[in-house]
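Asker:
Number of protein chains: 4
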Amino acid sequence: MTSLAYPANRSLDVICFGRAGVDLYAREDNVDMTDVSGFDKFVGGSPANIAVALSKLGAKAGLISCVSDDGLGRYVCDYLRSLKVDLKGMTIDKSGSRTSLAITEMKASDCEVVIYRNNAADLALSIKQVDKAYIAQAKILLVSGTALSTSPSREAALAAIRYARDAGTVVILDVDYRAYSWHSPEESSLYYQLAASLSDVVIGNREEFDVMEMLDKQSTEKNDDETAFRYLNDATQVVIIKAGELGSKVYTRDGKNFTQGIFPVEVKKPFGAGDSFAGALMYALLQGHSLQESVKMGSAAAAINVSKKNCTEAMPTREELMDFIATYEAA
Amino acid sequence: MTSLAYPANRSLDVICFGRAGVDLYAREDNVDMTDVSGFDKFVGGSPANIAVALSKLGAKAGLISCVSDDGLGRYVCDYLRSLKVDLKGMTIDKSGSRTSLAITEMKASDCEVVIYRNNAADLALSIKQVDKAYIAQAKILLVSGTALSTSPSREAALAAIRYARDAGTVVILDVDYRAYSWHSPEESSLYYQLAASLSDVVIGNREEFDVMEMLDKQSTEKNDDETAFRYLNDATQVVIIKAGELGSKVYTRDGKNFTQGIFPVEVKKPFGAGDSFAGALMYALLQGHSLQESVKMGSAAAAINVSKKNCTEAMPTREELMDFIATYEAA
Amino acid sequence: MTSLAYPANRSLDVICFGRAGVDLYAREDNVDMTDVSGFDKFVGGSPANIAVALSKLGAKAGLISCVSDDGLGRYVCDYLRSLKVDLKGMTIDKSGSRTSLAITEMKASDCEVVIYRNNAADLALSIKQVDKAYIAQAKILLVSGTALSTSPSREAALAAIRYARDAGTVVILDVDYRAYSWHSPEESSLYYQLAASLSDVVIGNREEFDVMEMLDKQSTEKNDDETAFRYLNDATQVVIIKAGELGSKVYTRDGKNFTQGIFPVEVKKPFGAGDSFAGALMYALLQGHSLQESVKMGSAAAAINVSKKNCTEAMPTREELMDFIATYEAA
Amino acid sequence: MTSLAYPANRSLDVICFGRAGVDLYAREDNVDMTDVSGFDKFVGGSPANIAVALSKLGAKAGLISCVSDDGLGRYVCDYLRSLKVDLKGMTIDKSGSRTSLAITEMKASDCEVVIYRNNAADLALSIKQVDKAYIAQAKILLVSGTALSTSPSREAALAAIRYARDAGTVVILDVDYRAYSWHSPEESSLYYQLAASLSDVVIGNREEFDVMEMLDKQSTEKNDDETAFRYLNDATQVVIIKAGELGSKVYTRDGKNFTQGIFPVEVKKPFGAGDSFAGALMYALLQGHSLQESVKMGSAAAAINVSKKNCTEAMPTREELMDFIATYEAA
């Protein structure tokens with residue numbers, strides 16, 4: 001159904017590109033930011049989370065990112081290294097940028113997150129810090145779209161994609177749209193479309209595809225079929241449109257599509273699902289599973305993640321993932 | 001000995017000018033940043049601390065500052081309001097700046113502090129947000145020198161000083177030098193000297209006066225007498241040079257000077273002393289104590305603060321302060 | 001040989017995208033900048049020159065650009081309008097940018113040009129100022145690569161290319177590399193390669209292609225055949241590598257190539273040749289001439305231009321061009 | 001009447017601080033910018049003009065400024081050097097700034113001037129480029145207020161004033177307000193007031209003093225007496241308020257004031273008067289003339305300047321100035 005060709009003889013399965021940072025979770029559940037007594041410290045940032053997800057499943061994952069030269073930057077690196085994420089592509093910035101930081105309430109809904117990303121270290125990554133030979137060592141390059149939001153990270157990400165295409169490394173774009181990082185929606189649309197046209201797989205939710213399409217569409221109607229048709233061009237072989245509780249619609253270049261529902265669980269937090277999904281999806285594809293089977297494994301991993309409190313630590317191992325699916329299917 | 005004339009009939013005793021932010025203290029003592037499990041949340045920032053110190057002692061304190069429009073900004077405001085600090089001069093910024101944030105280890109020495117002050121809210125304060133009439137309601141304007149480090153806060157602080165002089169409000173400059181906030185030491189020297197020449201009282205430590213003097217001095221020798229002589233000009237009536245464990249040297253316009261030693265206590269943390277000192281000093285002066293007596297009360301308050309773990313919460317009440325001095329002097 | 005398909009029923013032949021500015025030419029020839037008494041005033045800027053070249057040959061040309069809201073901006077618009085260049089795509093900026101200005105000595109070689117392009121008006125053009133429907137009215141979009149050098153003009157140019165592709169408008173990229181406009185050679189290489197991959201025709205000289213290839217090449221060897229092979233991909237049908245006095249090498253997608261020599265004339269100034277070439281080339285292609293014939297007409301127009309003193313005013317009419325070629329071939 | 005004390009034994013009479021640039025004057029009189037054929041080239045910029053005025057009168061003048069490293073920068077330096085202006089304080093900037101450039105119509109009124117001052121070289125001057133010892137070699141430091149408009153030139157100018165005060169060099173502030181150079185009128189008011197309080201003499205017109213006073217005044221009334229009273233404080237001994245055709249009002253610290261009318265001439269251009277005035281005023285003061293006599297000589301020099309077409313070249317020599325006054329008084 002899909003014709004993604006992963007290069008053989010690569011020392012890494014997946015290199016993730018984008019931010020790695022610190023998440024501070026409110027110590028008390030269901031308490032306003034003003035009233036919490038303090039915070040627990042975790043590693044976060046979508047591509048870092050995906051790298052952890054891959055590593056815990058047993059894949060060889062690397063991360064191209066940047067943190068600041070201080071205790072929080074060291075913490076991020078130490079934690080990732082302890083989970084065997086390869087950090088040859090990690091830059092330690094000494095120019096005054098700061099490791100991305102998210103301070104969050106712990107609420108089921110309307111969860112306030114205060115983001116410290118003014119002069120964020122990951123967005124300070126530049127072309128010169130991206131090593132062409134390193135990208136050529138991976139089967140897949142996973143790019144988090146937020147890396148495209150500002151220069152010089154924008155150019156670093158576009159160069160990474162170019163290097164990947166030259167090396168035969170499969171490119172997967174996780175749209176990961178954060179409005180606050182972008183100068184304007186028009187710029188978002190422009191660069192997302194450019195990056196998508198150079199990617200083998202594009203993963204996003206309905207709202208993210210709406211932003212991507214804004215320079216193209218006359219009307220404001222939202223039609224998954226038309227969206228998929230628009231993007232299954234140039235390099236793109238697979239388009240995955242996530243729809244939260246409705247599951248995911250998956251479209252392929254050959255004109256086919258299928259839907260994968262979600263695994264019902266009690267949701268403990270409103271984030272982590274997408275990163276867990278992406279990690280397990282790539283792991284499954286590289287293990288030789290079909291696209292349909294891989295999307296199912298991704299959905300199961302997402303369900304496991306949101307049913308637990310934290311993000312990186314809630315990423316399942318291969319065993320947990322398989323047990324979860326088996327239990328579900330036996331029910 | 002000193003001829004500071006505080007205007008009568010003012011609704012506020014002291015307005016502090018400068019940053020207010022959040023301090024996150026490592027939950028575990030003597031553990032590296034990389035290994036702490038999380039952080040406790042407090043209000044911090046030198047002028048905010050001083051306003052709290054004044055308020056706890058019973059003075060009417062206000063704060064001219066700026067925080068971001070989010071849960072952490074609201075926390076800072078709620079906390080200060082709960083301690084009766086007047087916030088008519090507080091701006092809530094919605095332009096993308098962030099409330100100043102300091103994340104600290106809890107160690108007796110070599111204590112790492114990771115500072116998030118890229119596009120800090122307090123440094124986004126501009127002239128238009130400073131109300132001339134508000135400053136005319138206070139007996140003293142206490143300016144934290146860090147507010148001078150970058151535009152537009154620099155101009156807001158200089159305008160505040162100008163308004164204070166026009167209104168007869170006594171101006172006290174707390175040098176509070178943080179190298180990372182400044183473009184160059186030359187600029188620091190230039191603006192500190194300008195601000196000092198417009199201030200009635202200048203408080204700093206030896207290192208801070210060295211920075212202030214760098215455009216003036218030929219040699220690198222450090223001589224407190226010469227420093228005081230240099231600054232006891234223009235508007236300046238009192239120069240206080242703090243020397244840590246050696247106590248403080250106080251010089252006045254009439255050519256006199258005295259030294260105040262420290263009150264020996266077991267030090268729990270390496271910060272908070274200066275803010276507690278400044279708060280109690282101003283409180284005492286406004287209560288009609290002599291300069292010498294006031295400096296002693298400031299030193300006692302500093303000792304109380306560093307003997308406890310937190311900063312704002314360790315500021316003494318009037319009773320605590322008086323008891324502490326009485327106990328010490330009885331010993 | 002080439003399969004460029006120009007859309008029919010378009011109200012404009014070519015829309016040029018990029019800077020329009022003022023050229024001040026030293027009044028005295030062969031005199032240093034320090035000693036010239038003054039300057040003569042002309043309209044300049046590569047895409048403006050090309051629009052003029054087209055218009056004088058009889059083609060319907062438009063220009064998407066931006067000038068400042070002052071006498072020099074009005075001069076540029078008045079002059080272009082007097083030559084029937086369509087200015088529906090012209091923006092008048094009131095934000096403080098300035099019309100591009102070049103002040104030049106008039107020397108046969110080592111001719112100093114002082115460029116005023118800090119906050120240049122043309123580089124202030126943004127996506128929102130580019131009208132999709134306007135671009136759909138033209139047969140060809142000619143993009144000057146300098147428009148890619150900085151944001152927001154970079155995004156405006158990339159959006160224009162995207163709109164052109166959607167509308168079936170043929171895209172021609174004139175590399176026009178000016179190092180001083182770019183942040184780094186790596187960024188130049190990245191964006192030129194992106195733009196080239198979306199262009200039907202790419203025109204540059206050897207040095208410009210070297211910059212474009214710097215992210216791709218291992219070695220530093222310069223080989224026109226390899227360069228052409230690298231770029232004749234994606235959308236690109238024709239690659240033209242100009243080599244000054246050696247003429248131009250033209251490569252097409254079908255694997256063929258040919259060389260066009262120059263028309264020998266006495267050179268009066270070292271610029272204008274490329275713009276005259278591009279204008280006449282596009283004019284000829286749209287008139288139905290073969291690629292080979294069109295390149296010859298471009299070369300003849302270039303020769304005519306450099307044999308005269310000024311730039312826009314030296315662009316030949318159709319009659320002059322045909323007479324020049326006839327005279328040359330009769331000799 | 002005034003007690004300005006010029007230090008003796010100085011190698012320079014006056015050092016002017018601020019911009020030096022190129023003026024391009026329309027070749028044709030009374031023709032719109034769009035229609036002029038070209039421009040004549042001159043040196044301009046208020047402090048450069050004043051230095052020239054001083055030099056032509058026979059005083060030893062220096063200039064602290066910055067031009068770009070190109071033909072126009074070299075032209076400025078060559079011209080000033082040819083008139084014996086000392087350029088030890090001139091910086092040649094290679095960072096991408098450009099020499100200040102003004103392109104003007106030649107009309108009696110409503111004369112459009114297009115200013116190229118984005119990243120102007122003179123505003124790139126920083127503290128480190130100002131030599132304390134050099135300023136100590138002059139009797140007077142003349143600061144053009146535009147130098148205060150943006151960093152780092154703002155700090156360089158404030159440091160120069162500080163160095164002058166330390167060295168006993170008399171400080172004269174020529175307000176020279178250009179709204180387009182400033183971030184906001186509030187900032188202008190703040191820094192002009194700071195600089196004025198450190199200056200021995202302040203020279204401006206009514207509109208300039210209005211800007212200076214905007215942070216101080218409640219009402220919008222304009223009263224020269226009140227303005228003078230406001231500024232005759234701190235260091236300031238003399239305030240000169242210019243009122244165009246009405247002449248100048250001069251106020252001194254001792255509470256006295258006088259008015260000097262203008263010398264009637266046919267005005268050829270609307271600029272140059274102020275620079276010629278300032279130059280001749282300082283020359284006369286240093287020659288030992290009374291303040292009243294010096295202001296008269298300044299007014300005569302202003303009249304001579306505006307009666308001729310150019311600016312620097314229209315500055316009178318001592319002979320011309322004396323003849324002009326003698327002729328006038330004989331009439």
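Residue numbers (the UniProt record's numbering), protein chains in the order written: chain A, 1 to 331; chain B, 1 to 331; chain C, 1 to 331; chain D, 1 to 331. All C-beta atoms in this analysis are idealised placements derived from N, C-alpha and C, irrespective of residue type, glycine included.
Under 9 Å between beta-carbons, which chain B residues line up against residue 127(D)? List them in chain order, please.
Answerer: By Cβ distance, chain B contributes 184, 186, 187, 189, 190, 215.
Asker: If we call anything under 8 Å between Cβ atoms a contact, is residue 46(B) one with residue 210(B)?
Answerer: Not closer than 8 Å, so no.
Asker: To the nearest angstrom, report how far apart residue 145(D) and residue 18(D) are at their CA atoms.
Answerer: Taking the straight line joining both Cα atoms gives about 8 Å.
Asker: At a Cβ cut of 7 Å, what residues of the region 64 to 93 of chain B count as close to chain A, listed as they run along the chain?
Answerer: If the cut-off is 7 Å between Cβ atoms, the region 64 to 93 of chain B has 70, 71, 72, 74, 75, 78 near chain A.
Asker: What would DSSP say about residue 322(A), mapped onto helix, strand or coil?
Answerer: If DSSP states are grouped into helix, strand and coil, residue 322(A) belongs with the helices.
Asker: Does the Cβ of residue 11(A) have 16 or more other Cβ atoms within 10 Å, making it buried, or fewer, making it exposed?
Answerer: Exposed, because fewer than 16 other Cβ atoms sit within 10 Å of the Cβ of residue 11(A).
Asker: Which residues of chain B have a Cβ atom closer than 7 Å to the Cβ of residue 114(A), listed in chain order?
Answerer: Residues of chain B passing the Cβ test: 70, 71, 72.
Asker: Does the region 311 to 330 of chain B come into contact with the region 93 to 102 of chain C, if we say contact requires no fewer than three beta-carbon pairs (one atom in each stretch) closer than 8 Å?
Answerer: Counting Cβ pairs under 8 Å, fewer than three are found: no touch.
Asker: For residue 327(A), count neighbouring Cβ atoms within 10 angstroms of its own Cβ and tell me buried if that reaches 16, exposed if not.
Answerer: Counting Cβ neighbours within 10 Å, residue 327(A) comes out exposed, since fewer than 16 surround it.
Asker: Just how far apart, CA to CA, sit residue 322(C) and residue 251(C)?
Answerer: Rounded to the nearest angstrom, the two C-alpha atoms are 25 Å apart.
Asker: Tell me whether residue 259(D) is buried or exposed, calling it buried when 16 or more other Cβ atoms sit within 10 Å of its Cβ.
Answerer: Exposed is the call here.
Asker: Using 8 Å as the cut-off, can you tell me whether the region 252 to 271 of chain A makes contact with the region 296 to 313 of chain A, which would need three or more C-beta pairs spanning the two stretches below that distance?
Answerer: The region 252 to 271 of chain A, when compared against the region 296 to 313 of chain A, does touch it at the 8 Å Cβ threshold.
Asker: Applying a beta-carbon distance threshold of less than 9 Å, which residues of chain A neighbour residue 155(C)?
Answerer: Per Cβ cutoff of 9 Å: 183, 184, 186, 187, 190, 191.
Asker: Hey, residue 57(D) and residue 280(D): beta-carbon distance below 8 Å or not?
Answerer: Yes, the pair counts as a contact, with Cβ atoms nearer than the cut-off.
Asker: How would you label residue 200(D), buried or exposed, when you count the other beta carbons within 10 angstroms and need 16 or more for buried?
Answerer: With 16 or more Cβ atoms within 10 Å of its Cβ, residue 200(D) is classed as buried.
Asker: Which residues of chain D have a Cβ atom closer than 9 Å to the Cβ of residue 158(B), listed in chain order?
Answerer: Within 9 Å Cβ-Cβ: 190, 191, 194.
Asker: Have a look at residue 194(B) and residue 226(D) and give me their C-alpha separation to the nearest angstrom.
Answerer: Spanning the two alpha carbons is a distance of roughly 25 Å.
Asker: Answer yes or no: does any C-beta atom of chain D fall closer than 8 Å to that of residue 165(B)?
Answerer: For residue 165(B), the answer is no, since every Cβ of chain D falls outside 8 Å of its Cβ.
Asker: So what does DSSP say about residue 1(C), is it helix, strand or coil?
Answerer: Here the model assigns residue 1(C) a pLDDT of 49, short of 50, so the residue's position is not dependable and the matter cannot be decided.
Asker: I want to verify the contact list: residues of chain B whose CB lies under 8 Å from the CB of residue 271(A), in sequence order.
Answerer: In chain order: nothing, as chain B lies at least about 17 Å away.
Asker: Check distances from the C-beta atoms of the region 309 to 320 of chain A to those of chain E and list, in chain order, the residues that come in under 7 Å.
Answerer: Note that chain E does not occur in the displayed structure, where the protein chains are A, B, C and D.
Asker: Could you give the DSSP three-state label for residue 342(B): helix, strand or coil?
Answerer: Absent from the structure is residue 342(B), since the part of chain B shown begins at 1 and ends at 331.
Asker: Let me see if you follow: with CB-CB separation under 8 Å, is residue 253(A) close to chain C or not?
Answerer: No - not a single Cβ of chain C is within 8 Å of the one on residue 253(A).
Asker: Mark residue 81(C) as exposed unless 16 or more other C-beta atoms lie within 10 angstroms of its C-beta, in which case mark it buried.
Answerer: Exposed, because fewer than 16 other Cβ atoms sit within 10 Å of the Cβ of residue 81(C).
Asker: What residue ranges within the region 105 to 147 of chain D form continuous beta strand (DSSP E) runs of no fewer than 3 residues, ordered along the chain?
Answerer: If we require 3 residues or more, the beta strand (DSSP E) runs fully inside the region 105 to 147 of chain D come out as 113 to 116, 138 to 144.
Asker: By DSSP, does residue 191(A) sit in helix, in strand, or in coil?
Answerer: Of the three classes helix, strand and coil, the one that applies to residue 191(A) here is helix, per DSSP.
Asker: Kindly indicate which residue of 115(C), 34(C), 129(C) has the alpha-carbon position closest to the one of residue 181(C).
Answerer: Selected option, being the one with the closest Cα: 115(C).
Asker: Over the uninterrupted beta strand (DSSP E) stretch that includes residue 28(A), give me the two end residues.
Answerer: Run containing residue 28(A): 21 to 29, per the beta strand (DSSP E) assignment.
Asker: Name the chain D residues whose beta carbon is nearer than 9 Å to that of residue 162(B)?
Answerer: Those are 190, 193, 194, 215, 216, listed as they occur along chain D.
Asker: Among the candidates 312(A), 156(A), 148(A), whose CA atom is the shortest distance from the CA of residue 190(A)?
Answerer: Selected option, being the one with the closest Cα: 148(A).
Asker: Got a sec, what are the start and stop residues for the beta strand (DSSP E) residue 80(A) sits in?
Answerer: First-last for residue 80(A): 71 to 82, but that is the alpha helix (DSSP H), not the beta strand (DSSP E).
Asker: By DSSP, does residue 162(D) sit in helix, in strand, or in coil?
Answerer: DSSP places residue 162(D) in helix when its eight states are reduced to three.
Asker: Output, in chain order, the set of chain A residues within a Cβ distance shorter than 8 Å of residue 33(B).
Answerer: The answer, in chain order, is 70, 71, 72, 74, 75.
Asker: Give the DSSP-derived three-state secondary structure of residue 41(D) in the structure shown.
Answerer: Three-state result, residue 41(D): strand.
Asker: Quick one: list the residues of chain B neighbouring residue 37(A), beta-carbon separation under 7 Å, in chain order.
Answerer: 40, 41, listed in chain order.
Asker: Output the distance between the C-alpha atoms of residue 71(D) and residue 105(C), rounded to the nearest integer angstrom.
Answerer: Those two C-alpha atoms are separated by around 9 Å.
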